[in-house]
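Positions 14 to 156 (my numbering) are the ones given, in order, by the sequence shown.
Glycine residues also receive a C-beta, built at the ideal position from the N, C-alpha and C atoms.
The structure under discussion appears below in the form of structure tokens.
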Amino acid sequence: MNLDWAWIQRELPMIGSLLVEHIVLAVLPVLMALIVSLPLGFLVSKMRRATNIVLAFLGTIAAGLTGVMDNIKNYDGAAPNAGTKIILATTLFLLTAGISLVRFRNPNLFQQGNRFLYIASYGLSFAIALVLAFLGGVILYGF
14 MNLDWAWIQR ELPMIGSLLV EHIVLAVLPV LMALIVSLPL GFLVSKMRRA TNIVLAFLGT
74 IAAGLTGVMD NIKNYDGAAP NAGTKIILAT TLFLLTAGIS LVRFRNPNLF QQGNRFLYIA
134 SYGLSFAIAL VLAFLGGVIL YGF
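The structure is reproduced here in structure tokens:
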């Protein structure tokens with residue numbers, strides 16, 4: 014394999030700018046995630062009983078914010094099914110928060126008789142998340 018050094022020298026400014034763009038797009042988000050996640054992970058590890066509530070809350074908020082930002086940036090606020098997705102995401106957030114709160118107040122839930130309701134709630138959460146994923150595919154692939 015021959016390397017065309019003349020081409021590299023001609024295109025060095027473009028290669029440099031693309032390298033900087035790559036660093037900004039790839040490395041910077043990872044560093045930001047580490048800056049947020051490491052202290053948060055430490056904090057959550059110290060509050061064992063509230064872990065589910067904190068993680069469900071922060072995960073849903075992060076997903077919602079990125080979805081809204083994507084809608085504004087790429088679709089000028091008019092993404093297909095945006096209203097439906099917001100309603101489903103809010104429902105998923107409330108359901109997950111409710112499940113986490115019930116589990117927080119009653120850690121021995123699986124050893125008691127309300128097991129079916131608890132498992133059904135998680136099934137409903139999964140179904141809503143699946144519908145949200147399908148609606149995201151509708152935007153991406155245009156079904």
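Distance, I21 Cα to A146 Cα: Position 133 of the sequence shown, counting from 1, holds the residue named residue 146. Position 8 of the sequence shown, counting from 1, holds the residue named residue 21. Approximately 42 Å between the Cα atoms of the pair.
From the DSSP output, in three-state form, read off Q124 for me. Counted from its first residue, the sequence shown places residue 124 at position 111. DSSP places Q124 in helix when its eight states are reduced to three.
Given A110 as reference, the closest of V49, T64, L32 once Cα atoms are compared: As a working mapping, residue 110 is identified with position 97 in the sequence shown. Closest option to A110, Cα to Cα, is T64.
Taking only the alpha-carbon atoms, compute the straight-line gap between R61 and A69 and give it to the nearest angstrom. Position 48 of the sequence shown, counted from the start, is the residue given in the question as residue 61. Position 56 of the sequence shown, counted from the start, is the residue given in the question as residue 69. Taken atom to atom, the span from the alpha-carbon of R61 to that of A69 is near 14 Å.
So P42 is in the alpha helix (DSSP H); what residue range does that whole segment cover? As a first step, residue 42 must be located in the sequence shown, where it is residue number 29. Membership of P42 in the alpha helix (DSSP H) is indicated by the continuous run 41-59.
To the nearest angstrom, report how far apart L47 and L25 are at their CA atoms. Taking the sequence shown and counting its residues from 1, the one referred to as residue 47 is at position 34. Taking the sequence shown and counting its residues from 1, the one referred to as residue 25 is at position 12. Distance between the alpha carbons of L47 and L25 is about 32 Å.
Measure the alpha-carbon distance for W18 versus A92 and round it to whole angstroms. Looking up residue 18 in the sequence shown gives position 5. Looking up residue 92 in the sequence shown gives position 79. Rounded to the nearest angstrom, the two C-alpha atoms are 45 Å apart.
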